Amino acid sequence: MSDNSGSNQMWGGRFAGGPSAIMREINASIPFDKALWRQDIAASKAHVDMLGAQGIVSGEDAALIADGLDKVAAEYEANGVPENWDLEDIHMTTESRLAELIGPAAGRLHTARSRNDQVATDFRLWVRDAMDQAELGLRQLQVALVSRAGEHAGSIMPGFTHLQTAQPVTLGHHLMAYYEMIGRDRSRFADARSRMNRSPLGAAALAGTGFPIDRFRTAEALGFDGPTDNSLDSVSDRDFALDYLMAAAQCSLHLSRLAEEFIIWASQPFGFVTLPDSLSTGSSIMPQKKNPDAAELVRGHSGRIVGCLTALMITMKGLPLAYSKDMQDDKPPVFEAASLLALSIAAMTGMVAEAKFRTDRMRAAAELGYATATDLADWLVRQANIPFREAHHITGSAVKLAESRGIALDQLSIEDLKGIDARIDDRVYAALSVEASVAARCSHGGTAPDEVRKRVAQARAALGLEESA
Ligand code: ARG
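Right under this line is the structure:
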């Protein structure tokens with residue numbers, strides 16, 4: 003075909019210059035790995051400082067290179083990173099610009115390293131920051147949860163199992179459940195961070211190097227606890243990225259569950275919460291609508307974050323040692339997950355901090371659905387020494403009677419109750435209110451308002467918050 007001379011006639015239609023153009027495009031990671039430029043500059047500066055200190059390059063060249071790297075960084079900062087596919091990635095882009103700025107001395111920077119240990123180092127530094135960001139964001143979410151939980155330690159709402167009214171709980175208790183989950187997420191990020199904080203720099207292409215480098219020095223300069231111990235592992239390990247994604251995926255599941263609570267609570271039949279306007283949207287056709295879009299997107303994003311984890315797991319599966327180009331595909335899922343997670347954390351923090359909880363509606367709902375039936379059974383066990391299974395049965399009859407009359411348990415007369423079991427007396431009414439029900443659940447970690455207040459105080463101390471006087 004004359005109009006398409008350079009490309010393959012069978013399948014090259016969209017490529018201007020034939021297979022080499024395909025190679026150039028599939029090979030280029032600069033469109034996404036330019037996000038690593040800060041880490042790339044920092045790692046190169048640590049490397050060249052070490053090369054100078056070890057006498058591998060002259061002090062003069064080392065200074066020239068370090069200075070040139072600062073200039074490149076300033077250009078990136080001001081104008082962004084140029085995207086030239088011929089330069090493939092951030093490493094070659096930076097080195098080529100350095101050469102333009104300082105001349106042949108730039109060629110000494112790559113002594114005793116390879117892009118394989120370079121990218122492993124840069125990416126670790128990036129993921130380490132992402133872990134720190136997540137940790138920080140989650141702490142803010144915990145602060146919001148604890149403060150709303152403190153406000154509502156005694157606000158009664160229905161607790162659910164199977165999304166059916168089960169027993170009364172307090173809103174503070176419910177919110178503190180998420181404080182616990184987020185605490186585990188934080189510890190997962192912290193744990194992953196401490197495991198990954200070793201420097202692969204100096205592993206070179208795969209086997210180490212014959213130059214007298216000091217890997218401890220570069221590790222320290224980059225804030226690592228020390229160098230990694232096996233050069234093959236150093237350039238082919240992406241556990242750190244997977245650890246991050248696993249922690250992110252687990253965290254996103256928690257955020258999705260919290261988002262789902264808000265979505266349910268905000269629906270009109272529930273009416274437990276009024277979402278902040280700032281995190282809701284209207285409908286283009288139904289003027290009355292206020293949609294929980296932010297919460298729905300948090301729920302949706304968790305699917306994408308899990309997808310990112312799956313993508314990288316499958317990329318890594320079955321790769322022989324050491325580096326293979328497949329591993330260039332490690333970055334997009336991590337970058338995507340990190341930005342989705344950051345947004346999700348921020349959205350849920352805002353939601354928790356600013357939602358208006360409609361405690362009257364929650365309280366009314368807790369009165370419905372015979373939520374204190376277990377309290378009647380417990381009372382029979384305690385006051386009348388009836389075995390729990392029998393008490394459960396007696397209570398079932400009481401619920402059935404109340405239900406047939408469309409009234410609450412504590413609206414049954416004492417005659418009605420005695421008709422069901424003669425051992426019941428009117429002290430029972432004290433146990434049947436929702437207040438009595440929650441107050442009774444004072445076992446460690448239970449929903450009793452005093453227990454919730456105790457846990458909130460511990461949480462505030464753990465978060466380093468000043469005690470509100
Ligand atoms: N852009 C590459 C990556 O992200 C850098 C490492 C390339 N190494 C190589 N031997 N081709 O994985």
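Counted the way this note's numbering counts, the sequence shown spans residues 3 to 471.
Where is the CB? At the ideal position from N, CA and C, for every residue including glycine.
Predicted model only: the values in this text are computed from it and were never measured.
* Confirm the yes/no value for this check: CB of Arg360, any heavy atom of the ligand ARG, distance under 7 Å. => no
Quiz item: What residues match up with Pro202 in a beta bridge as DSSP calls it?
Solution: DSSP output for Pro202 lists no bridge partner at all.
| task | Mind checking which residues open and close the alpha helix (DSSP H) that includes Ser146? | result | Per the sequence shown, the amino acid found at residue 146 is Ala instead of Ser. Segment Arg117 to Glu153, the alpha helix (DSSP H) holding Ala146.
Which residues in the same chain as Ser346 place their Cβ atom closer than 7 Å to its Cβ, once the five residues preceding and following it in sequence are excluded? Ser254, Leu257, Val300 and His303
Notebook entry, point to check: For Pro229 versus Arg200, is the C-beta distance shorter than 8 Å?
Noted result: yes
| Between Leu465 and Glu453, what straight-line distance do the alpha-carbon atoms span, to the nearest angstrom? | 18 Å
**Prompt:** Between the C-alpha atoms of Tyr78 and Arg40, what's the straight-line distance to the nearest angstrom?
**Reply:** 9 Å
(Q) Distance check for Ala68 and Gly320, CA to CA, integer angstroms please. (A) 39 Å
Checklist line | Asn118, buried or exposed, once every other Cβ within 10 Å from all chains shown has been counted against 16 | finding: buried
| Where Ser4 sits in the DSSP three-state scheme | Unreliable placement is indicated for Ser4, whose pLDDT of 37 sits below 50; no coordinate value is reported for it.
Ordered list of alpha helix (DSSP H) runs contained in the segment 305-338, each at least 4 residues: none
Item to complete: Name the one or two DSSP bridge partners that Val171 has.
Response: Met159
- Message: Could you give the first and the last residue of the continuous alpha helix (DSSP H) run that contains Lys47?
- Response: Trp39 to Ala55
Determine, using beta carbons only, whether Thr96 and Ser46 come nearer to each other than 8 Å.
-> yes
Next on the checklist: Quick check: the Cα distance between Met288 and Asp235, rounded to an integer number of angstroms?
Outcome noted: 58 Å
Just to confirm, does Lys327 get its C-beta within under 7 Å of one of the non-hydrogen atoms of the ligand ARG? yes
Notebook entry, point to check: Under 8 Å, do Leu2 and Ile43 count as touching if we go by C-beta distance?
Noted result: Residue 2 lies beyond the range of the chain shown here (3 to 471); nothing can be said about it.
Requested in this report: Could you say which of Met178, Ile24 and Tyr372 lies nearest to Pro451 if we only look at CA atoms?
Outcome: Met178
task = Taking the CB atoms as reference points, tell me whether Ala261 and Met350 lie closer together than 8 Å.
result = yes
Nearer than 7 Å: is that true of the beta carbon of Val121 relative to any heavy atom of the ligand ARG? yes
Is the CB-CB distance between Leu378 and Ala400 below 8 Å? yes
**Asked** At which residues does the alpha helix (DSSP H) containing His164 begin and terminate?
**Response** First-last for His164: undefined, no H or E at that position.
Have a look at Ile28 and Phe34 and give me their C-alpha separation to the nearest angstrom. 12 Å
* Is any heavy atom of the ligand ARG found at a distance shorter than 7 Å from the C-beta of Ala31? -> Strictly speaking, residue 31 in this sequence is Ser, with Ala absent from that position. Indeed, a heavy atom of the ligand ARG lies less than 7 Å from the Cβ.
Residues in the same chain with beta-carbon distance under 7 Å from Asp343, minus the five sequence neighbours each way, listed in chain order, please.
Going by the sequence as given, residue 343 is Leu instead of Asp. For Leu343, where only same-chain residues beyond five positions count, the Cβ hits under 7 Å are Ala136, Ala250, Cys253, Ser254 and Ile307.
Close beta carbons around Gln144, own chain, < 8 Å, minus the five adjacent residues each side | Tyr181, Ile184, Gly185, Arg188, Ala461 and Leu465
Proximity below 8 Å, CB of Phe359 to CB of Leu173 | yes
Q.
Taking the beta carbon of Thr283 as the centre, do at least 16 other beta carbons fall within 10 Å, making it buried, or is it exposed?
A. exposed
- Own chain, CB closer than 7 Å to Arg190, minus 5 neighbours either side, in chain order: Ala249 and Gln252
query: CA-CA distance, Thr374 and Pro271?
result: 22 Å
Using the rule of at least 16 other Cβ atoms within 10 Å of the residue's Cβ for burial, across every protein chain shown, is His446 buried or exposed?
exposed
Neighbour-count burial assignment, Glu263, 16 or more Cβ in a 10 Å radius: buried
Q | For Ala368 and Met159, believed in contact at Cβ under 8 Å, the rounded distance | A | 6 Å
Could you round the C-beta distance between Leu38 and Phe125 to whole angstroms and report it? I think they count as a contact, below 8 Å. 7 Å
- What are the partner residues of Pro271, as DSSP defines its beta bridges? None; Pro271 has no bridge partner.
| message | With H, G and I counted as helix, E and B as strand and the rest as coil, what does DSSP make of Lys291? | response | coil
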